[in-house]
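Step one of this worksheet: look at the structure below.
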Amino acid sequence: MNSHTNVTDYRISGKTSIKELEYHAIMGEVSYTIRKMTREDVPGTLDVCLDTGLQEGTHCLYTWLEVDKDAVNIAVKDTGEIIGACSAVIHHEDMAFLGMYGVRKAYQGLGIGMKLWNACVEHIGTRNGILNAVPDKTDRYRTKGGFPILETSWASIMNETCNPVNHEVLSDEPPEGIDILPFQESHLPAMFEYDLALMGYEREKALELNCKEQDSRTFVAFNNRCVVGFGTIKMRCDNALGQVGPLYADDPRVAEVILKRLIVSLPKAEGFAMMTVNSNLAAKKLIDRLGCPVLMECPRLYSKARFNVDLDKVFAHFDLNFTPF
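Take a look at the structure:
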């Protein structure tokens with residue numbers, strides 16, 4: 010451990026060849042550092058996301074860094090290149106969410122990911138940890154990672170296409186008495202109230218910053234002055250796909266109109282992505298009508314206890330790497 014807090018140095022090769030990397034890792038040459046991500050590190054961390062196939066918005070890391078400044082650990086070579094990242098956002102005193110676990114392909118298999126993981130687990134302490142597992146890593150998380158509890162009543166579904174989706178198949182007519190409006194700051198108090206009732210804990214900072222991110226659009230549904238749903242779409246860090254999340258609504262008809270308006274509001278998106286819950290059949294029908302294929306099914310794991318909400322109101326996850334729903 011060096012003189013800086015939360016910083017650990019390791020000796021490893023700077024070569025790009027896997028054989029050479031493995032050899033130099035054993036021989037203990039050249040160093041990299043495990044430390045907390047700062048705002049200045051965000052572009053390099055997003056490069057890791059691109060290299061490893063992680064789906065993140067262009068500016069969402071800034072949002073979650075404000076929610077929990079110690080949430081993201083990164084591996085940094087002496088050259089300044091960021092070669093790995095893992096996140097663990099503390100949501101409240103009893104719960105945290107882990108995700109964004111990735112190491113650049115040229116540096117995989119060297120134990121860097123495990124060091125990042127251990128730093129995140131240390132950060133959350135004794136809180137109940139929650140994560141969305143990559144299918145082929147589920148058993149490892151359960152037996153060796155400290156997340157033995159498998160959600161058996163539902164799973165998260167990553168729906169994604171590189172092609173434009175046809176929003177014309179969706180209705181633009183909300184139910185009678187419902188107004189769906191572009192986000193304004195004055196909407197926040199009512200949105201906070203809706204989100205608290207749905208999630209059971211306060212996420213005000215995350216919601217506000219999400220709605221104000223660059224490259225994003227948010228719509229809010231009202232019945233008189235009460236929020237009955239809202240949703241966000243944002244450009245992903247690949248600058249190609251528009252990713253929807255969150256999308257919450259009391260009524261599937263409201264969710265449909267919000268979804269259509271979100272897609273229309275981001276015309277530069279060449280493709281579409283949205284993470285749903287397979288128990289929400291209304292959300293599945295929307296995805297099917299858009300012709301968006303399933304990319305992956307992600308089991309939900311917990312370290313101590315299950316956490317569930319009214320999933321009939323969850324049409325799209327807020328963020329698959331940083332928050333439960």
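Just so you know, we're using our numbering here: the sequence shown kicks off at 10 and counts up by one.
Yeah, the Cβ is synthetic: ideal placement off N, Cα and C, and Gly gets one too.
The alpha-carbon separation between K214 and M104 amounts to approximately 16 Å.
Put simply, of I43, L63 and Q117 the residue whose alpha carbon is nearest the alpha carbon of A128 is I43.
Here Q64 really is in contact with L329; their C-beta atoms are around 7 Å apart, less than 8 Å.
L190 sits exposed, since fewer than 16 C-beta atoms from the chains shown fall within 10 Å of its C-beta.
Here the alpha carbon of G300 sits roughly 15 Å from the alpha carbon of V253. Measuring C-alpha to C-alpha distances from I166 to each of M200, V303, G186 and H196 identifies V303 as the nearest. Partner residues in the beta bridge of S165, as assigned by DSSP, are V286 and C307. Exclusion of the five residues before and after D259 leaves V237, G238 and K322 as the residues of its chain whose Cβ lies within less than 7 Å of its Cβ. Between the stretch 107 to 121 and the stretch 258 to 275 there are fewer than three inter-stretch CB-CB distances shorter than 8 Å, so the stretches are not counted as touching. Distance check between D181 and each of P157, L205, T135 and I267 places I267 closest, using alpha-carbon atoms only. Cβ neighbours of R245 within its own chain (closer than 8 Å, five residues either side excluded): Q64, E65, G66, T67, G251, Q252 and A282. Look at S195 here: in three-state DSSP terms it is helix.
When secondary structure is reduced to three states using DSSP, C171 falls in the coil class, being assigned neither helix nor strand.
When the five nearest sequence neighbours on each side are left out, the beta carbons in the same chain lying within less than 7 Å of the beta carbon of I296 are those of N168, M283 and T285, in order along the chain. For L140, the enclosing beta strand (DSSP E) has its first and last residue at N137 to N141. Scanning G122, E202 and I242 for the CA closest to the CA of F231 turns up E202. Secondary structure at T227: strand, using DSSP grouped into helix, strand and coil. Under the DSSP definition of a beta bridge, A258 partners with G238.
For the 9 Å CB-CB criterion, G53 and E90 form a contact. DSSP, reduced to helix, strand and coil, places G118 outside both helices and strands of the structure shown, so it counts as coil. With fewer than 16 other Cβ atoms from the protein chains shown falling within 10 Å of its own Cβ, P184 counts as exposed. Among the bridge pairs identified by DSSP, M200 is matched with none.
Judged by pairs of C-beta atoms under 8 Å, the stretch 125 to 139 touches the stretch 309 to 326, as three or more such pairs exist. Excluding residues up to 5 positions away in sequence, M46, V51, T54, L55 and V81 lie with their Cβ nearer than 8 Å to the Cβ of L70 in the same chain. Taken atom to atom, the span from the alpha-carbon of H132 to that of A97 is near 7 Å.
The beta-bridge partner set that DSSP reports for R149 is empty. Boundaries of the alpha helix (DSSP H) harbouring Y71: C69 to V76, taken from the DSSP string.
A buried status is given to R226, since no fewer than 16 other beta-carbon atoms sit within 10 Å of its beta-carbon. Rounded to whole angstroms, the Cβ separation of P308 and A164 is 5 Å, and the two are in contact under 8 Å. If you ignore the 5 residues before and after P261, its C-beta comes within less than 7 Å of the C-beta of A291, all in its own chain and listed in chain order. Per DSSP, the continuous beta strand (DSSP E) segment holding L107 begins and ends at M104 to V112. Nearest Cα to K146 within the set M305, N233 and Y257: M305.
9 Å or more divides the Cβ of A325 from the Cβ of A278.
In this structure, the straight-line span from the alpha carbon of V318 to that of G240 is close to 17 Å.
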